[in-house]
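Q:
Numbering (my numbering), first residue to last: 132 to 821.
#1: Check whether the Cβ atoms of residue 618 and residue 592 lie closer than 7 angstroms to each other.
#2: Along the chain, which unbroken stretches of the beta strand (DSSP E) at least 3 residues long are found entirely within the segment 762-787?
#3: For residue 158, verify whether its CB is less than 6 angstroms away from any heavy atom of the ligand GTP.
#4: Give the DSSP-derived three-state secondary structure of residue 132 in the structure shown.
#5: In whole angstroms, what is the alpha-carbon distance linking residue 483 and residue 435?
#6: Apply the 10 Å Cβ neighbour rule to residue 469 and answer buried if 16 or more other Cβ atoms are within range, or exposed otherwise.
#7: Output the residue ranges of the alpha helix (DSSP H) runs that lie fully inside the segment 166-196 and measure 4 residues or longer, sorted by chain position.
#8: Quick check: what's the CA-CA separation for residue 821 versus residue 224?
#9: DSSP on residue 229, reduced to helix/strand/coil?
#10: Do residue 500 and residue 474 count as a contact pair if the criterion is CB distance below 7 angstroms?
#11: Is it buried or exposed for residue 288, if we count other Cβ within 10 angstroms and need 16 for buried?
#12: So, are the CB atoms of residue 416 and residue 555 less than 7 angstroms apart?
#13: From the DSSP output, read off the bridge partner residues of residue 530.
#14: From the DSSP output, in three-state form, read off residue 572 for me.
#15: Can you tell which of 596, 799, 600 and 735 has its C-alpha closest to the C-alpha of residue 588?
#16: Quick one: give me the first and last residue of the alpha helix (DSSP H) that residue 672 is part of.
#17: Have a look at residue 263 and residue 146 and give me their C-alpha separation to the nearest angstrom.
#18: Give the straight-line distance between the Cα atoms of residue 191 and residue 546, rounded to the nearest whole angstrom.
#19: Is the CB-CB distance between residue 578 and residue 612 below 7 angstroms?
#20: Excluding the 5 residues flanking residue 188 on each side, which residues of the same chain have their C-beta closer than 7 angstroms to its C-beta?
#21: Let me make sure I understand the geometry here. Which of 492, 541 and 504 has the alpha-carbon closest to that of residue 522?
#22: Using a Cβ-Cβ cutoff of less than 7 angstroms, which residues in the same chain neighbour residue 800 once the five nearest sequence positions on both sides are dropped?
#23: Apart from the five residues on each side of it in sequence, which residues of its chain come closer than 7 angstroms, Cβ to Cβ, to residue 271?
#24: According to DSSP, residue 597 sits in a beta bridge with which residue or residues?
#25: Between 626, 775 and 630, which lies nearest to residue 582 when the distance is taken from Cα to Cα?
#26: Could you name the residues of the same chain whose beta carbon sits closer than 7 angstroms to that of residue 195, not counting the 5 residues immediately before and after it, in chain order?
#27: If you pair each beta-carbon of the segment 645-655 with each one of the segment 251-258, do three or more pairs fall below 8 angstroms?
#28: With which residues is residue 501 paired in a DSSP beta bridge?
#29: Kindly list the residues whose CB is nearer than 8 angstroms to the CB of residue 253, restricted to its own chain and excluding five residues on each side of it in sequence; keep chain order.
#30: Measuring alpha carbon to alpha carbon, tell me which residue in 419, 505 and 453 is nearest residue 459.
#31: Give the secondary structure of residue 659 by DSSP, where H, G and I count as helix, E and B as strand, and everything else as coil.
#32: Would you please state the rounded distance, in angstroms, between the beta carbons of residue 718 and residue 748? I believe it to be under 8 angstroms.
#33: Using 8 angstroms as the threshold, is the segment 443-463 in touch with the segment 535-552, meaning 3 or more CB pairs across them?
#34: Determine the contact status of residue 462 and residue 498, defining contact as a CB-CB distance below 7 angstroms.
#35: Please determine if the segment 691-702 and the segment 355-362 are in contact, where contact requires at least 3 C-beta pairs separated by less than 8 angstroms.
#36: Could you name the residues of the same chain whose beta carbon sits closer than 6 angstroms to that of residue 646, not counting the 5 residues immediately before and after it, in chain order?
Listed below in structure tokens is the structure:
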């Protein structure tokens, strides 16, 4: 329901601005009606707008209360800043303006009954500052409130917002006082409601003036949003802060380049892989076609597999992708130079060129790889694949079924959901009694809800990390955020087992002893909460530890310009890339981050180079198995608190893995003190990281 309240809150802000502006204008005209009949008719419509205006204010207050049910973080500005802008003047209007209006209205009725004009001494009361200013200030407050709700949401501790909104409100009040000062004299002098023609001309002049000012502001806003042709992702517009000390991080040691942070440069690799990026027309089993880009001609690309601790060497060859490509190892905490972020850890690989990655695999689990160049487009069109890292003891003693879920845009302009390379129901023959391991990998940007019907099962790993003492589950929905992974295990029964995703119940995988049969997916179960699953275990730190860096990150959507284009932006602490301040750490720091999603969509926040321990969700401590994630999916109205040790130096790109959100602003960096990069990004370079 949070998304609903948020949308209604924005709508009520706009309604306050409109209703109180109309009400103010009608009250001003009412003071000039000396004809009793006309005054009474005008008062009827004014009463309607008065009711609408008051209801809008009460609804706005109700929205603040409802939003606060998700937590103080979601409504603090609605209680500490916003009420001064709209509620305070609305209360004054109720106390001062409304009684005057009712007296004038009653006087009009009496005058009409007696067939006399309405006394000017009665009407002039509506033009006094005490009666006329509050409704106009409420309209101004509605505009500022809408701006705060939709364009630039205030971010604690609200210092700048208090000054900015306070100045705007006081300036508007001063201008209104100057405008209203002579109104009483004009009414006393016998001024009446202007003719329709004069009102139209005056309104047109006001509208044109407002449009001229607004257009100038919009043009300036657009121009200042354009990203430079070349910029360093290590130099943000507002500078880094070492949150543990509350000041700019000192730079005593000489800077080191991230290019030094490579995997082993020598030694014979245990595994060599070659991945060739190329244009490929994909034909799905349904007959739909995709104008895609692939690795080695398939989407997903080849499934890579190696053992924990082994040295792998991957050569990326770009055959004909003109925009360039790279390889990021999602969830594998590789050395910084091997992370595959163009403009930060390398240059993108141009068409006809190649690049070699070398690294040892630090931990077993289910992972995946994808291009990080223009990733919102390149991943969606097919530049991705799975990567399984086996424990030192070898592959699990189970029949494995990799499940890479993806969404393609077909050449017919439709959306096609696939598991592996199929957009239809896939059948697998699994003998009864066989232990099966399903590796669910969500390569899509949006959260996906899986169901497994026909057998109890256990979740044995999340984001590549084994679950401590997993228990059996059945009839639950498993939410897997963009980029996230769940490993499921079950024993194949005599009948069929159906894996499905809630958006495409007609597709998925049917596993049965003879590869035939059917079973309808069951989506009636509750949504699974991973923070309370499994048994507690020992961890190197916990919520009571001392944290060197402690930051709260507010995730918002706001209207604005990004790189010269108007869009619904996705911001972190009120800023969009490249103006989001980096989180600056020193090697060895213990870091705590709290994500607060105040927007209307999910944000799977992906940490490059690190896994973080989940401490709490919505303020409630995690009670299950230690949950180490590299992608934390924060739904609207949720807070997640995580912590990690800064033990992998470099400059890391951390971002929302809804890649459309990363494309237009929801990107930040984790910067280790003392490191720099020689690479640059921008339209004038080959590097377009997302």
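Note that CB positions come from ideal geometry on N, CA and C, so glycine has one too. Note that the coordinates shown come from a computational prediction; the quantities given were computed from them, not determined experimentally.
A: Let me lay it out:
#1: Contact: yes.
#2: Entirely contained in the segment 762-787, the beta strand (DSSP E) runs reaching 3 residues are, in chain order, 762-765, 770-776 and 782-787.
#3: Here there are no bound small molecules, and the ligand GTP is not part of this structure.
#4: Correct three-state label for residue 132: coil.
#5: Cα to Cα, the separation comes out at about 23 angstroms.
#6: Classification of residue 469: buried, given that the 10 Å Cβ count is 16 or more.
#7: For the segment 166-196, not a single whole alpha helix (DSSP H) run of length 4 or above is found.
#8: Approximately 50 angstroms, taken between the alpha carbons.
#9: Secondary structure of residue 229 (DSSP, three-state): helix.
#10: Taking 7 angstroms as the Cβ cut-off, residue 474 and residue 500 do not qualify as a contacting pair.
#11: Answer is exposed; the Cβ neighbour count stays below 16.
#12: If you check the CB distance, residue 416 and residue 555 come in under 7 angstroms.
#13: According to DSSP, residue pairing for residue 530 in a beta bridge involves 567.
#14: It is a strand residue.
#15: It is 600.
#16: Looking at the DSSP string, residue 672 is not in any alpha helix (DSSP H), and its letter there is neither H nor E.
#17: A direct Cα-Cα distance of roughly 20 angstroms separates residue 263 from residue 146.
#18: Rounded to the nearest angstrom, the gap between the Cα atoms of residue 191 and residue 546 is 38 angstroms.
#19: Taking 7 angstroms as the cut-off, the Cβ atoms of residue 578 and residue 612 count as close.
#20: In its chain, beyond the 5 residues on either side, 147, 217, 218 and 221 have a beta carbon closer than 7 angstroms to the beta carbon of residue 188.
#21: 492 is the residue among 492, 541 and 504 whose C-alpha sits nearest the C-alpha of residue 522.
#22: Cβ within range, chain order: 364, 713, 782, 783, 784 and 785.
#23: Correct list, in chain order: 300 and 303.
#24: 592, per the DSSP bridge assignment.
#25: Closest option to residue 582, Cα to Cα, is 630.
#26: Excluding residues within five positions, the ones whose Cβ falls inside 7 angstroms are 206, 209 and 210.
#27: The segment 645-655 makes no contact with the segment 251-258: fewer than 3 CB pairs, one atom from each, lie closer than 8 angstroms.
#28: DSSP links residue 501 through a beta bridge to 459 and 515.
#29: Counting only Cβ-Cβ distances below 8 angstroms, and skipping sequence neighbours, we find 234, 235 and 238.
#30: Out of 419, 505 and 453, 505 has the C-alpha closest to the C-alpha of residue 459.
#31: Coil.
#32: About 29 angstroms separates the beta carbon of residue 718 from that of residue 748, a gap too long to meet the 8 angstroms contact definition.
#33: Taking a contact to require three or more Cβ pairs closer than 8 angstroms, the segment 443-463 and the segment 535-552 do not qualify as touching.
#34: Less than 7 angstroms divides the Cβ of residue 462 from the Cβ of residue 498.
#35: A contact between stretches requires three or more CB pairs, one per stretch, nearer than 8 angstroms, and the segment 691-702 meets this requirement with the segment 355-362.
#36: 558 and 560.
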